[in-house]
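Q:
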Amino acid sequence: VNYFFIIILLSICQITGSDIHSPILTINSEWRNETIITVDAQTHIDYGLAYPMTYEFIIPAGSDNLQSYCRFQSTQDWSQIVEKTPEDFFNGIKAVRFDYDENTAYVSIGFSDFSDSIFIKITDSDGNNIDATYSGMSQYYDNRDAAVTSTADDWAYWNNDEFVQTCENFRSFNLWLSCAIVTDGADSNTWVDIQTQLDSGYVEAISHSRTHPYAPYDDLEGEVLGSKQDLIENLDLPDHNSYGIHEYIYAWVAPYGDYDDDIDSMVSVAKYLVPRLFYENQHGFSNWNQDLHKYDPVGVSIELGGYYYWTGSSDTVELNHTFDDVLTYGGVYHVMCHPAIIDWENDDYPWVHLEHISNRNNVWYTGFGHLYAYHFLQSTYPEINLHSLNPNDPVPGQIVIHQNYPNPF
């Protein structure tokens, strides 16, 4: 596939998307007692957006014992959203948390198979709708202080057992692991084990090419787009990666961290949200590339262990200190690993570090692709229209969501 073909495909993807003059996301308030959030239909198809986004609502001072309800069509019955508190450990689920001291409701909900819309209302204990005003989206799920995500490179038949063990160990700490799969290296037994790990939870499938080549690729389309199709065809992806008949692989991991402009363009054509490379000390989101309609390549915080002598760390002090710094400054802690080189039976450092970073109620734990699926609407389309059907209500005509949060590192 030559570069000219890539550009043609990219142009078609952009042209057949939504009209650039129409809003990607609209948030409408009907008389201040019901909020309707609607995503553009083509964007919904392209990316699914099933992962719950946290929407913030201002609630009246002195409120207590409130409840939140949702539905996805105006003809549906209302369904109460499960309430969580700061003492609960939860991530990536539909939930509401009320902060009565800050007069804020945090409603976390994703888009569904039923429609392109989400209907939300908040009521008092007697079922009366209250005056709840939409105010914005939380930077992290449930307005957490920081985010933790993990990636693991090179799942194939030759290290299948090591990957299964690593998935199980991360899961035992309630830590998500996004596994970068070399699809031509997966035999029938490997696919079965990958599916089992997906079904068991806390595991996300992401692409790592078909043959793990150096750049430039002999078969660019096959390595980038084809590997994504392999994952979709061989796996039954979880709810966070699906919308109706559509399934999604959100992240591409470059073999050897080797990358060029042709690969970058094909990553865009394949509608990955983000490519991950192999460098350390990056603790936040990468920037949105409006021309390619994807995020720029991003690195990781640190490698658990070290595939090469100059990468990673097995020093628990260094590992834990890196996490502590990211948590202090409210960043994204992204730990990556190569399961083939981790000796879970004889080394203490992976256990000590995973214990240190896990099970904190003020941290958002998520898959790498889900991290960017959540961030997508915030950063790609910062101007979100807010309409009120009551012309007398003092609601601003437009809310601006800042494109990128400051990165303190």
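For this note's numbering, count along the sequence shown from 1 and bump the result up by 799. Beta carbons: idealized from backbone N, C-alpha and C, even for Gly. These numbers were taken from a predicted model, which means no experiment stands behind them.
State whether the segment 911 to 925 contacts the segment 1141 to 1149, with contact taken as three or more CB pairs (one from each stretch) at a distance under 8 Å.
A: Too few Cβ pairs lie closer than 8 Å, so no.
Q: Alpha carbon to alpha carbon, how far is Gly1098 from Gln1177?
A: Cα to Cα, Gly1098 sits roughly 20 Å from Gln1177.
Q: Any contact of the segment 1045 to 1055 with the segment 853 to 864, i.e. 3+ C-beta pairs under 8 Å?
A: No, because fewer than three Cβ pairs between the segment 1045 to 1055 and the segment 853 to 864 fall closer than 8 Å, the two stretches do not touch.
Q: With H, G and I counted as helix, E and B as strand and the rest as coil, what does DSSP make of Ile858?
A: In the structure shown, Ile858 sits in coil (DSSP, three-state: anything other than H, G, I, E or B).
Q: Nearest to Phe1084 by alpha carbon, out of Tyr1171, Thr1115 and Leu1024?
A: Out of Tyr1171, Thr1115 and Leu1024, Tyr1171 has the C-alpha closest to the C-alpha of Phe1084.
Q: Would DSSP call Lys1027 helix, strand or coil?
A: Helix.
Q: Short of 6 Å in beta carbon distance, which residues of its chain neighbour Thr1010, apart from the five on each side in sequence? Order them along the chain.
A: Closer than 6 Å at Cβ, skipping near neighbours: Asp983.
Q: Helix, strand or coil: how does DSSP classify Asp845 here?
A: Helix, per DSSP.
Q: Looking only at its chain, what residues have a beta carbon closer than 6 Å to the beta carbon of Asn1033, apart from the 5 residues adjacent to it on each side?
A: The residues are Trp990.
Q: Grab me the residues of Asn1158's own chain with a C-beta within less than 8 Å of its C-beta, minus the 5 sequence neighbours each way, in chain order.
A: Here the set comprises Phe888, Phe972 and Asn973.
Q: Classify Val1002: buried if its beta carbon has 16 or more other beta carbons within 10 angstroms, exposed otherwise.
A: By the neighbour-count rule (16 or more Cβ atoms within 10 Å), Val1002 is buried.
Q: Over the uninterrupted alpha helix (DSSP H) stretch that includes Thr1115, give me the two end residues.
A: First-last of the alpha helix (DSSP H) with Thr1115: Thr1115 to Tyr1128.
Q: Alpha carbon to alpha carbon, what distance is there between Asp992 and Gln753?
A: Past the edges of the chain, shown from 800 to 1208, lies residue 753, and the structure says nothing about it.
Q: Per the contact definition of three or more C-beta pairs closer than 8 Å, is the segment 1038 to 1049 in contact with the segment 1063 to 1074?
A: With the cut-off at 8 Å, the segment 1063 to 1074 and the segment 1038 to 1049 touch.
Q: Once DSSP output is grouped into helix, strand and coil, what is the label at Gly1104?
A: Gly1104: strand per DSSP, three-state reduction.
Q: Mind checking which residues open and close the beta strand (DSSP E) that includes Thr1010?
A: Neither: Thr1010 is in no beta strand (DSSP E) and is coded neither H nor E.
Q: Out of Asp915, Ile892 and Thr874, state which residue places its alpha-carbon closest to the alpha-carbon of Gly847.
A: The candidate whose alpha carbon is nearest that of Gly847 is Asp915.
Q: Relative to the C-alpha of His1007, which residue among Cys966, Ala951, Tyr1042 and Asp1059 is closest?
A: Selected option, being the one with the closest Cα: Ala951.
Q: Classify Pro1096 as buried or exposed, calling it buried when 16 or more other Cβ atoms lie within 10 Å of its own Cβ.
A: Buried.
Q: Answer yes if the segment 956 to 963 comes into contact with the segment 927 to 937, meaning at least three C-beta pairs across the two stretches below 8 Å, and no otherwise.
A: No, the segment 927 to 937 does not touch the segment 956 to 963.
Q: Just grab the DSSP bridge partners of Cys978 for me.
A: According to DSSP, which records beta bridges pairwise, Cys978 is partnered with Ala951 and Ala1004.
Q: Quick check: the Cα distance between Tyr1077 and Phe913, rounded to an integer number of angstroms?
A: A quick correction: the sequence has Phe, not Tyr, at residue 1077. Going from the Cα of Phe1077 to the Cα of Phe913 covers about 39 Å.
Q: For Ile826, name the three-state secondary structure that DSSP assigns.
A: If DSSP states are grouped into helix, strand and coil, Ile826 belongs with the strands.
Q: Name the residue from Tyr1107, Ile919, Tyr854 and Cys1136 whose alpha carbon lies nearest to the alpha carbon of Ser873.
A: Ranking Tyr1107, Ile919, Tyr854 and Cys1136 by Cα distance to Ser873 puts Ile919 first.
Q: For Val1023, count the other beta carbons within 10 Å of its own beta carbon; 16 or more makes it buried, fewer makes it exposed. Which is it?
A: Buried.
Q: Out of curiosity, what's the CA-to-CA distance linking Asn928 and Thr825?
A: Approximately 21 Å, taken between the alpha carbons.
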